[in-house]
Amino acid sequence: MDMGDSNIQKLQEIIDRAKRLVFFGGAGVSTESGIPDFRSKDGLYNQKYKFPPEYMLSHACFVDRTEDFYEFYRDKILSYEAKPNAAHLFLAALEQAGKLSAVVTQNIDGLHQDAGSKRVYELHGSVRRNYCTRCGAFYDDKYIKAQSGVPHCGCGGVIKPDVVLYGEGLDDATVTGAIKAISDADAMIIAGTSLTVYPAAGLIRYFRGRDLAVINLGEAGDVPGALIIHQKVGETLGQIIIKQ
Ligand code: OAD
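For the sequence shown, numbering that gives the first Met the number 0 begins at 0 and goes up steadily by one.
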């Protein structure tokens, strides 16, 4: 048995023992679905644009340069026709088996719900939800994709994605729900996140359960006491057997 196998075995034991597991994920959970992450070599933040991507995804850009915002957003965020991968599917099955209490994600792609997960705390919102800034009417992502330029509501208002932009706060109810799930969990898996963006990354400090695992291709901050697996999250979770 090599190191990789023994780590999978340890992760299997953690999942066998867990009754209220929480999964805390980031962009690396969706790279195996073909959506690039932010900070890897091929990530969104290492490409060249007119303005830094942090500005393109900021509240200031949405307000001051709405047209540029939507050009970037359609091109770089909405352009993927992605399907759930083995990680998303595993987590939905684990919830179905009554062993996973919640997915807490920084992702905005909606792939956990596509896989069938029910309790998902989307810390940074979702591209699937969009609202008129004047009357509050709802629009889905297909509507935003189909429009060109700045999407407008029937009432004339500008539509805004329900995505937490730089310079905006997180939704209180979502954060409270995520903190409760993490505080009550007996096990937590942190995967596919650089743990560099706050306040999201700070929420893992609420964990006081027994078993902690980190699955990340690269470095993932300092998580003392965790089982660390430097492999792809989909490939890793795809090897785990769910026992009732
Ligand atoms: P990052 O791009 O910062 O980190 C992704 C991490 O996943 C990196 O450490 C990669 O090594 C790792 N990774 C990539 N593919 C993987 C795979 N298949 N299996 C395991 N690990 C893999 O993404 P986040 O931490 O999610 O915020 O970034 C946090 C926030 O920064 C995002 O939610 C976004 C961004 O600005 C907003 O848009 C508000």
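Backbone N, C-alpha and C fix where the C-beta goes; we use that ideal spot for every residue, glycine too.
For M0, three-class secondary structure by DSSP: Annotation note: pLDDT 47 at M0 (below 50); position unreliable, no value reported.
The segment 16-34 in contact with the segment 101-115 per 3-pair CB rule at 8 Å: yes
Nearest residue (CA-CA) to D183, options L226, C131, L10 and L99: L99
Residues of its chain near I76, where Cβ-Cβ distance is below 7 Å and the 5 sequence neighbours each way are ignored: V126
Buried versus exposed, by CB contacts within 10 Å (16 or more), V232: buried
Pairwise C-alpha distance: F68 and E234: 35 Å
Distance, C154 Cα to R204 Cα: 44 Å
beta-carbon G168 near the ligand OAD non-hydrogen atom, thresh 7 Å: no
Assigned secondary structure, R16 (DSSP; H/G/I helix, E/B strand, else coil): helix
Whole-angstrom distance between G135 and I228, CA atom to CA atom: 43 Å
Any non-hydrogen atom of the ligand OAD within 7 Å of S39 CB: yes
Cutoff 8 Å: D183 Cβ touching any chain C Cβ: Among the protein chains of the structure shown there is no chain C, as only one such chain exists.
Residues bridged to S57 (per DSSP): Y165
Per-residue burial, K47 [other beta carbons within 10 Å of its own, 16 or more giving buried]: exposed
Under 8 Å between C-beta atoms of L10 and L169: no
Contact under 8 Å by Cβ, H111 with L90: yes
Cβ-heavy atom distance, Q238 to the ligand OAD, below 7 Å: no
Whether D161 touches I13 by CB criterion (8 Å): no
Residue environment, D36, which counts as buried when at least 16 other CB atoms sit within 10 Å: buried
Strand pairing of S125, partner residues [DSSP]: D161
Same chain only: Cβ atoms within 6 Å of H87, ignoring 5 sequence neighbours per side: L110, H111 and A114
T175: first and last residue of the uninterrupted beta strand (DSSP E) it sits in: Here T175 belongs to no beta strand (DSSP E); instead the alpha helix (DSSP H) covers D171 to D183.
Proximity to Y197 [Cα-Cα], best of A180, G166, G217 and G176: G166
The ligand OAD heavy atom lying under 7 Å from the CB of S193: yes
7 Å CB neighbourhood of K242 in its chain, flanking five on each side removed: D15
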